[in-house]
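Residue numbers (the numbering used here): 2 to 159.
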């Protein structure tokens, strides 16, 4: 799974942590509803992945969360992220409201502004999904709308 990452991206992620170390651990089970957890231990970034389906996508998600910490602390490139969303949209800021948005027009077609409904929960989850779909085979359809193209461009240019 790591071979999909360009060497400069891995060097950049390694440079985020104080020691230059990112630890990735594979486990059989993570308690609760998550299948990926990222955290900081002292100065090291740690990503824990539960074995199972969609391992690459979950690795992309964890890697992006580590990267996002760096981007927010070192750049201002994501400060205007909310302005890329449709006018009047506000993130739910919880992990349940998105369950009621499955048929939202902002999830498909020309009005697509989010890769999936969970992206409507928090800005970091929105950015992580953009990264995850950009890294995946077959993710191109997610970026067919102008809004999703702008989000991808913003993330790539940050």
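We treat Cβ as the ideally placed atom computed from N, Cα and C, and that holds for glycine.
Just so you know, these numbers come straight off a predicted model, no measurement behind them.
- Check the Cα spacing between residue 80 and each of 25, 88, 140 and 69: the tightest is with 69.
- Only residues of its own chain outside the window of five on either side were considered, and among them 57, 58 and 61 have a CB closer than 8 Å to the CB of residue 137, listed in chain order.
- Contact between residue 114 and residue 87 holds, since their C-beta atoms are separated by about 5 Å, short of 8 Å.
- Nearest neighbour of residue 155 by Cα position, chosen from 84, 140, 48 and 142, turns out to be 84.
- In this structure, DSSP gives residue 24 an extended state, which the three-state scheme calls strand.
- Using a Cβ-Cβ distance cut-off of 8 Å, the stretch 123 to 134 and the stretch 89 to 105 are in contact, since at least three pairs of beta carbons, one from each stretch, lie closer than that value.
- Residue state for residue 129 is assigned as helix, using DSSP reduced to three classes.
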